[in-house]
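Number of protein chains: 2
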Amino acid sequence: MIGRLNHVAIAVPDLQAASDQYRTALGANVGKPQDEPAHGVTVVFIELPNTKIELLYPLGEDSPISGFLEKNPSGGIHHVCYEVDDIIAARDHLQSEGARVLGNGEPKIGAHGKPVLFLHPKDFNGCLVELEEV
Amino acid sequence: MIGRLNHVAIAVPDLQAASDQYRTALGANVGKPQDEPAHGVTVVFIELPNTKIELLYPLGEDSPISGFLEKNPSGGIHHVCYEVDDIIAARDHLQSEGARVLGNGEPKIGAHGKPVLFLHPKDFNGCLVELEEV
Chain A
1 MIGRLNHVAI AVPDLQAASD QYRTALGANV GKPQDEPAHG VTVVFIELPN TKIELLYPLG
61 EDSPISGFLE KNPSGGIHHV CYEVDDIIAA RDHLQSEGAR VLGNGEPKIG AHGKPVLFLH
121 PKDFNGCLVE LEEV
Chain B
1001 MIGRLNHVAI AVPDLQAASD QYRTALGANV GKPQDEPAHG VTVVFIELPN TKIELLYPLG
1061 EDSPISGFLE KNPSGGIHHV CYEVDDIIAA RDHLQSEGAR VLGNGEPKIG AHGKPVLFLH
1121 PKDFNGCLVE LEEV
């Protein structure tokens, strides 16, 4: 069912410093910051040859990653995103297997303009899993 | 400098359950457990079309992931692994940029039989980074 790893998201306490470090120390292809008000984050995508790293920084008062950065002040790996062909079929299958979908269970439009869902980390080895329909 | 994302490693409290879940609930191509005594882990690789997920479970008394699982009993994302062409050149460049290499700074042979190094997570937004020469 799951296809490509679309991205790995890393929450960072300083988006400029993290972008500079990936560009300079790690020599990667780093994009420009993009505000995603609907998701409460500013993101920077790092293009690797086979997938992307998504740097996440809180945007606004109710950012879903503020709590994560309070618990992890240096930052940390926040989630992985797997691609699926049909997000509704994927959701229904996962729910039938006992996995919990976060929020109201309906897909939202994600940072790439595609429908996304998040699965409960307690059901996936402490790993927050995003599914994105491609 | 960094190339492909070689894998994302997830430490899990139950390797069989996690393997079954990736196979059944997520419909992925899940390999067989491989003991890596030199690294103190048993690993299961999950082949995605563009990269791999590496499930990690402690092996032996002094496993480097036992402490991680004590702190994160449900498991969690443990590290990301980026490919490099020349691990010594990569190490020297990163050290010149102020990044710390774990251990004695010399590459070890990793789970794929290739030289690997780990970078200090405090220097990389709380994210443990493995470099693998390919």
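Chains as they are written, first to last, in the working numbering: chain A, 1 to 134; chain B, 1001 to 1134.
Ideal Cβ positions, reconstructed from N, Cα and C, are used throughout, including at glycine.
Predicted model, so just to flag it, every value in this text is computed and none were measured.
- DSSP lists 47(A) as the bridge partner or partners of residue 29(A).
- Only 1010, 1011, 1012, 1013, 1014, 1017, 1018, 1021, 1022, 1024, 1025, 1026 from the region 1010-1026 of chain B bring a Cβ to less than 9 Å from some Cβ of chain A.
- The C-beta distance from residue 36(A) to residue 111(A) rounds to 5 Å, short enough to fall under 8 Å.
- Taking CB atoms only, residue 1067(B) has no neighbour in chain A less than 7 Å away.
- Among the residues facing chain A, residue 1097(B) is included, as its CB has a counterpart in that chain under 7 Å away.
- Here residue 1053(B) carries a strand assignment [DSSP, helix/strand/coil].
- Cα atoms of residue 66(A) and residue 40(A): separation of roughly 9 Å, rounded to the nearest angstrom.
- Neighbourhood of residue 1127(B) in chain A, by CB distance below 8 Å: 10, 75, 76, 77, in chain order.
- Around the beta carbon of residue 1010(B), 16 or more other beta carbons lie within 10 angstroms, which makes this residue buried.
- The region 17-34 of chain A and the region 1093-1107 of chain B touch, with no fewer than 3 CB-CB distances between them shorter than 8 Å.
- Look at residue 1036(B) here: in three-state DSSP terms it is strand.
- Apart from the 5 residues on each side of it in sequence, residue 1068(B) sits with its Cβ closer than 8 Å to the Cβ of 1011, 1076, 1078 in its chain, given in chain order.
- Here the alpha carbons of residue 1042(B) and residue 1007(B) stand approximately 15 Å from one another.
- Nearest neighbour of residue 1073(B) by Cα position, chosen from 1(A), 21(A), 118(A), 123(A), turns out to be 123(A).
- Interface flag for residue 1107(B) against chain A is unset, since no Cβ pair is found closer than 7 Å.
- DSSP, read as helix, strand or coil, puts residue 70(A) in helix.
- The three-state reading of DSSP puts residue 1088(B) in helix, counting H, G and I together.
- Residue range 15-24 is occupied by the alpha helix (DSSP H) that includes residue 17(A).
- Here residue 1094(B) carries a helix assignment [DSSP, helix/strand/coil].
- Residue contact check for residue 1122(B) against chain A: a CB pair falls below 7 Å.
- A straight-line Cα-Cα distance of about 32 Å links residue 57(A) and residue 1058(B).
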